[in-house]
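Reviewing the structure listed below.
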Amino acid sequence: MKKKIAFVIQRYGLEVNGGSELSCRLIAERLTNDYDVEIITSKAIDYVTWKNEYTENIEVINSVTVRRFSVTSPRDNIKFDKINTRMLTQSHSIHEEYDWMENMGPHVPDLLTHLEQHKDSYDKIIYYTYLYYPTYFGIHIAPEKSIFVPTAHDEPYIYLNMFNSEFNLPKYLLFLTQEEKHFVQKRFNNAHIQNDVIGIGVDCPDELYSKQNIMEKYNLPEDYIIYAGRIDESKGCKEMLNYYMQYIENVPNAPQLVLIGKAAMDIPNNPKIRPLGFVNEKEKYSFMKYAKALIMPSQYESFSMVVIESLSLEVPVVVNAKCDVLVGHCVRSNGGLYYNNVHEFAAAIEYIIRNPEVSSQMGVNGKLYVDSNYSWDVIITKFKDAIES
């Protein structure tokens with residue numbers, strides 16, 4: 587009889603695009619041959635409002651049973667913004683932090699009731715992402731059965747006192763990068779907890795659109811750089827666009843900047859900036875494959891799947907030096923460059939464009955790094971070791 591394992595996560599589904607949620611789904615699907623896998627999650631798709639959008643209480647997605655619970659209080663963002671500002675700027679009590687978590691959401695008390703009533707039916711419970719209500723309150727229910735995948739990085743929230751217990755309760759910790767492991771162990775003094783670094787596997791399609799097809803369909807030049815993901819100020823996109831505008835002022839023949847993804851901010855109206863919006867997966871990987879470099883401007887990343895995807899496609903990356911995780915990928919792979927300011931941003935792009943042989947070798951290095959560290963066989967073996975521990 588297969589062991590029964592549960593994944594607890596804030597959102598889950600084919601329509602959910604977040605990095606930790608996608609990682610959770612890809613791993614859960616790959617464990618179904620060896621375990622009876624169940625997902626315990628909310629009915630929300632949108633992480634800003636937590637509005638209930640899924641209607642079924644139980645459904646099966648790619649052989650994985652998904653058990654959903656209603657969000658009883660969708661987030662009031664005006665109220666939450668006030669609470670959030672107080673948490674980050676003023677002294678406060680631990681009880682105020684608990685109130686902040688209740689408002690952070692998704693508020694799913696029935697999910698916690700289910701865990702309390704059925705904890706004995708699961709051999710292991712795997713919690714994804716430290717920041718949200720289901721994991722924070724859930725991990726306190728059966729810590730002796732818990733495997734914690736915190737997807738943590740150095741951000742203001744992680745210094746709240748309430749998280750001290752969450753990071754010291756689990757039986758096993760799984761990290762996405764060495765940088766995350768070192769940061770968490772330093773912040774929470776929890777090196778005594780059994781742990782491993784697993785990463786996330788990538789699934790780039792074997793078949794892409796031809797370069798000619800992409801160039802002609804979207805009227806793209808031979809040289810372009812790309813950003814792929816949510817176009818959001820919180821992801822460093824405002825700074826990236828400001829840097830790029832300064833760059834093209836000084837270098838008129840600079841490569842175009844292609845943006846793929848949903849825009850959550852204003853984008854400068856400039857012919858060299860090409861916002862293409864949402865594209866399908868095959869188009870996404872085709873755009874990335876033929877780019878001269880991928881830009882990742884975020885300073886808050888616990889892994890960055892898009893950087894790993896780019897390296898897997900043999901495309902160099904240019905990343906924000908303020909993010910230790912991204913710098914770590916560049917240093918270990920020798921497949922990317924990093925910048926601290928606008929001058930280094932421009933210099934990194936120019937170096938890649940003007941040195942095609944070096945750029946090509948960076949691409950080869952990047953793919954070797956991904957193949958050696960982020961193959962699914964390696965990742966699933968580590969996950970199974972944690973489950974069997």
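To convert, note that position 126 of the sequence shown is 712 in this note's numbering; the numbers rise steadily by one, no gaps.
Just so it is clear, CB atoms sit at the ideal spot from N, CA and C, and this is done for glycine as well.
Bear in mind the structure is a predicted one, so any value in this text is a computation, not a measurement.
Secondary structure of Asp620 (DSSP, three-state): coil. In the three-state scheme derived from DSSP, where H, G and I count as helix and E and B as strand, Thr721 is classed as helix. Of all alpha-carbon atoms in His929, Ala933, Glu895, Phe889, the one lying nearest the alpha-carbon of Val913 is that of Phe889. Remark: C-beta atoms of Met673 and Tyr722 do not approach each other more closely than 7 Å. Ile669 and Ala849 have their C-alpha atoms some 26 Å from each other.
Taking a cut-off of 8 Å on C-beta distances, the stretch 946 to 956 does not touch the stretch 601 to 609, as fewer than three cross pairs fall below it. The Cβ atoms of Val594 and Pro720 sit closer than 7 Å to each other. In this structure the stretch 642 to 649 does not touch the stretch 731 to 751; the number of beta carbon pairs closer than 8 Å is below three. DSSP places Gly952 in the uninterrupted alpha helix (DSSP H) bounded by 942 to 959. Annotated three-state conformation of Tyr829 is helix, per DSSP. Between Ala879 and Pro902, the C-beta gap is smaller than 7 Å, which places the two residues in contact.
Taken in chain order, the whole alpha helix (DSSP H) runs of length 4 or more contained in the stretch 646 to 700 are 663 to 675, 680 to 690. Counting every other CB atom within 10 Å of its CB across the protein chains shown gives Tyr925 a total of 16 or more, marking it as buried. Per DSSP, reduced to three states, the secondary structure at Leu912 is helical. Ala840 carries a coil assignment under DSSP once its states are collapsed to helix, strand and coil.
If only uninterrupted beta strand (DSSP E) runs of at least 3 residues are considered, those enclosed by the stretch 836 to 887 are 842 to 846, 859 to 863, 879 to 882.
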